[in-house]
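Worksheet: the structure to be examined is printed underneath.
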């Protein structure tokens, strides 16, 4: 084992004369894999590490490859970066000790009066520990793997861990392809090879990602949790419709940091230090505050944008000046990951995702003209222009999603309030509509109140009750849509034009019914395309196991997650601040002059072999006993700067104002004077009916157009895949 105490920042690592073991052995690095972790337990760590070890074994099994053979492990380096020595789980260190990578009693806090920034442990191991904490060796097909364990002294967030990977170790090893993994994500046994092959096959591919799928547990038992099932459906449809579409255009808006890969040469900065990595690491403040504007106020737009720094890296890679890098989706590569199974954790996670993705999308759309300064071909630039126009439409629909969802509920359920369509009779359709409408508005107000002042963990039951109530509203809305279709069919069959001999004429009669036409268009363009696209991708089972749960939780996505996210744009933290105090618990190493006149550092340790054996036995003993799960308490919320809260207030007011204006304009007859021919005033009911038909028609056709566009892109992806393009 080789140990290095690093006393400089990651950007200064090469310049300060540090080196790494593979470089000393003159080994070429084809694949450089990073696993970032914070305080994940040993099961999550072993799940990822064992998956990586099996992937390296697969690379060594490809003896007919021009790059890989039985000695292929020498071209792979696995880097594990732990974000904070005090935060790292002790049992994870036991696993690393069992593998021979980590040894206690060597590291020091200071070297020659300089604080240590990171501890590097390098070792080539042929021992792996699986998720059941069973030790596997060469007899189980495990090949040697070069491991670099970087134990950061302080907690400085995931993006800083990537700075160590790209800026400190990357220049030393000069890898061809870099693979990014989060601890907890289990790559498929050959997934890393499939990612690598995409780069090998197409020289202009700068980044790629595989499918990130939800872990479903044994016998799919985790899908009994509606929250997990809804996320499973969401992930699946993104991987079936969105990622293939973006891959066809050449720009994937986000390569997930949990499982993605980049060509190292593609993300490098230019000679002036400007480029993808420079933009990517603007969000790294070494645990401090976000960067400041000239006036002294913190740039909250940038701070929120860098909650999704991987999106920024994707755009900067695509828009790199005088280059023509593209991004690809590889459906044959996959990684399984845990998703939140509790509502508070789910809301907190989506707060970061939604805010980061929203501000990053605004950034990429505003900077789209930079595409014209790249070396992409003109057809590619036209395709990218189409994609950014599509992304703008999606962003606009997302901005007005709250109003669109309410108006859909309003018009569909109000239709059952009419006497002719009332399925219950005696005016119950009208009563139910009134109750659900007021309940909807009440829940909406509750969501804002809870989001503005409470944490999800502190208002768990309030959010849970809201989710259940919204599910009831959604169920009734679905029932109303089905009932309207049924009534439309009955109305058409009762007309004199209905016949038994001409199905085309009967279909025309049905399409003439507004209720049936609206439901048919909406159902076909969304749910119908979901089913068809899932079948042609040979992955339809989520439609059976998770579709209903997703539908019932759809109002939660729109009215709870979005509200909480926008109401907390002032919170740009990851909950990892404050760990920047120098610790001296490991001791200090001083520099002395050796007999040969060289500066050396002497460290007193126990006899080498005795210490190694003792550490190994202790680590194995620790892993024998299953540790009880300890529920950690969260630290008190940090006070935010007034500028952050002011920005949050202005953003939320603008967002509410736009959505409220749309609702009032569509549902209130008072606004008809603003329309052409306002001198011919209509009654309130006439105006609402006309606006309902016009608005729902516009929204439904827009949804149909967007869904059809996604489906065509997904289908084209399958065709191109057949030709390996």
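Residue numbers (UniProt numbering): 1 to 725. Glycine is no exception: its CB is placed at the ideal position from the N, C-alpha and C atoms. Just so you know, these numbers come straight off a predicted model, no measurement behind them.
Return no unless some Cβ of chain C is closer than 8 Å to the Cβ of residue 410. Any reference to chain C falls outside this structure, which holds one protein chain only.
If we ignore side chains and look at the alpha-carbon of each, how far apart do residue 319 and residue 12 end up? Working through the chain shown from its first residue, we reach residue 319 at position 319. Working through the chain shown from its first residue, we reach residue 12 at position 12. Cα-Cα distance, rounded: 27 Å.
If we require 3 or more residues per run, which beta strand (DSSP E) segments fall completely within the region 30-83? Annotation note: the region 30-83 contains the following uninterrupted beta strand (DSSP E) runs of length 3 or greater, listed N- to C-terminal: 31-37, 76-82.
Buried versus exposed, by CB contacts within 10 Å (16 or more), residue 231: Position 231 of the chain shown, counted from the start, is the residue given in the question as residue 231. Classification of residue 231: buried, given that the 10 Å Cβ count is 16 or more.
Within a Cβ cutoff of 7 Å, which residues of the same chain sit near residue 741, ignoring the five residues on either side of it in sequence? Residue 741 lies beyond the stretch modelled for the chain, which goes from 1 to 725, so this question has no answer here.
Does the distance from the C-beta atom of residue 121 to that of residue 149 stay below 8 Å? On the chain shown, position 121 is the one that residue 121 refers to. On the chain shown, position 149 is the one that residue 149 refers to. Cβ distance < 8 Å, so residue 121 and residue 149 count as in contact.
Determine the contact status of residue 570 and residue 455, defining contact as a CB-CB distance below 8 Å. Position 570 of the chain shown, counting from 1, holds the residue named residue 570. Position 455 of the chain shown, counting from 1, holds the residue named residue 455. The Cβ atoms of residue 570 and residue 455 do not sit closer than 8 Å to each other.
Assuming the contact rule is C-beta atoms closer than 8 Å, residue 39 and residue 89 should be a hit. Round their C-beta distance to whole Å, please. Numbered from its first residue, the chain shown carries residue 39 at position 39. Numbered from its first residue, the chain shown carries residue 89 at position 89. With a Cβ gap of about 6 Å, residue 39 and residue 89 count as contacting.
Is the CB-CB distance between residue 450 and residue 462 below 8 Å? By one-based count along the chain shown, residue 450 stands at place 450. By one-based count along the chain shown, residue 462 stands at place 462. Yes, the pair counts as a contact, with Cβ atoms nearer than the cut-off.
Reduced DSSP secondary structure (H/G/I, E/B, other) of residue 453: If you number the chain shown from 1, residue 453 lands on position 453. Of the three classes helix, strand and coil, the one that applies to residue 453 here is helix, per DSSP.
Strand pairing of residue 128, partner residues [DSSP]: What you label residue 128 is simply residue 128 of the chain shown in a count that begins at 1. According to DSSP, residue 128 bridges with 136.
Can you give the Cα-Cα distance for residue 578 and residue 156, rounded to whole angstroms? Along the chain shown, read from residue 1 onward, the residue named residue 578 stands at position 578. Along the chain shown, read from residue 1 onward, the residue named residue 156 stands at position 156. Residue placement at residue 578 is poorly supported in this model, since its pLDDT is 39, which falls under 50; the coordinates are not used for a value here.
Quick one: is residue 34 buried, meaning 16 or more other Cβ sit within 10 Å of its Cβ, or exposed? Counting from 1 along the chain shown, the entry for residue 34 is found at position 34. Label assigned to residue 34: buried.
Ends of the alpha helix (DSSP H) at residue 260? The count along the chain shown starts at 1 and reaches residue 260 at position 260. Per DSSP, residue 260 belongs to no alpha helix (DSSP H); it is in the beta strand (DSSP E), 259-263.
Please name the residue in 406, 526, 480 whose C-alpha comes closest to that of residue 726. Residue 726 falls outside the range modelled here, since the chain spans only 1 to 725, and no answer is possible.
For residue 418, which three-state DSSP category applies? Along the chain shown, one-based indexing puts residue 418 at 418. The answer is coil: DSSP assigns residue 418 none of H, G, I, E or B.
So is residue 560 buried or exposed if we call it buried at 16+ other beta carbons inside 10 Å? By one-based count along the chain shown, residue 560 stands at place 560. By the neighbour-count criterion, in which a residue is buried when 16 or more other Cβ atoms sit within 10 angstroms of its Cβ, residue 560 is buried.
Among residues of its own chain, excluding the 5 on either side of residue 361, which ones have a beta-carbon nearer than 6 Å to its beta-carbon? In the chain shown, residue 361 corresponds to position 361, counting from 1. Correct list, in chain order: 395.
Between the CA atoms of residue 333 and residue 221 - distance to the nearest angstrom: The residue labelled residue 221 in the question sits at position 221 within the chain shown. The residue labelled residue 333 in the question sits at position 333 within the chain shown. Whole-angstrom Cα-Cα distance: 24 Å.
Indicate whether the contact test is met: 3 or more Cβ pairs, each with one atom in the region 299-306 and one in the region 346-361, closer than 8 Å. At 8 Å Cβ cutoff, the stretches touch.
From 105, 198, 653, pick the residue whose C-alpha is nearest to that of residue 721; which is it? Numbered from its first residue, the chain shown carries residue 721 at position 721. Here the closest residue by C-alpha is 198.
Rounded separation between residue 706 and residue 390 - CA only: The residue you call residue 706 lines up with position 706 of the chain shown. The residue you call residue 390 lines up with position 390 of the chain shown. Roughly 8 Å separates the two Cα atoms.
Does the Cβ-Cβ distance between residue 256 and residue 714 come in under 8 Å? In the chain shown, the residue the question calls residue 256 occupies position 256. In the chain shown, the residue the question calls residue 714 occupies position 714. Between residue 256 and residue 714, the C-beta gap is not smaller than 8 Å, which leaves the two residues out of contact.
Could you tell me whether the region 187-204 touches the region 329-349, using the rule of 3 or more Cβ pairs below 8 Å? Counting Cβ pairs under 8 Å, three or more are found: they touch.
Run the CB neighbour count on residue 187, radius 10 Å, all protein chains shown included, and call it buried at 16 or more, exposed below. Residue 187 sits at position 187 when you count from the first residue of the chain shown. Residue 187 is buried by the Cβ-count criterion.
According to the Cβ coordinates, are residue 328 and residue 208 closer than 8 Å? As a working note, residue 328 is residue 328 in the chain shown. As a working note, residue 208 is residue 208 in the chain shown. Yes.
From residue 552 to residue 486, what distance separates their C-alpha atoms? Indexing the chain shown from 1 puts residue 552 at position 552. Indexing the chain shown from 1 puts residue 486 at position 486. So the alpha carbons of these two residues sit roughly 21 Å apart.
Contact check, residue 388 vs residue 365, beta carbons under 8 Å: If you number the chain shown from 1, residue 388 lands on position 388. If you number the chain shown from 1, residue 365 lands on position 365. Their beta carbons are under 8 Å apart, which means residue 388 touches residue 365 by this criterion.
Enumerated in chain order, which unbroken segments of the alpha helix (DSSP H) with a length of 4 residues or greater are wholly contained in the region 160-202? Runs of the alpha helix (DSSP H) lying entirely within the region 160-202 and spanning at least 4 residues, in chain order: 170-173, 191-201.
Identify which residue in 468, 41, 123, 471 has its Cα closest to the Cα of residue 131. Counting from one through the chain shown, the residue named residue 131 turns up at place 131. Considering only 468, 41, 123, 471, the residue with the shortest C-alpha distance to residue 131 is 41.
Put residue 244 into one of helix, strand or coil per three-state DSSP. Working through the chain shown from its first residue, we reach residue 244 at position 244. Taken through DSSP and simplified to helix, strand or coil, residue 244 comes out as helix.
Given a cut-off of 8 Å on the beta-carbon distance, is the pair residue 337 and residue 266 in contact? To locate residue 337, count along the chain shown from 1; it is residue 337. To locate residue 266, count along the chain shown from 1; it is residue 266. No, they are not a contact pair.
Does the contact criterion of 3 or more C-beta pairs under 8 Å hold for the region 57-65 versus the region 97-108? Taking 8 Å as the limit for Cβ pairs, the verdict is that the region 97-108 does not touch the region 57-65.
Just verifying my parser: in three-state terms, what is the DSSP assignment at residue 148? Walking along the chain shown from the start, residue 148 turns up at place 148. If DSSP states are grouped into helix, strand and coil, residue 148 belongs with the strands.
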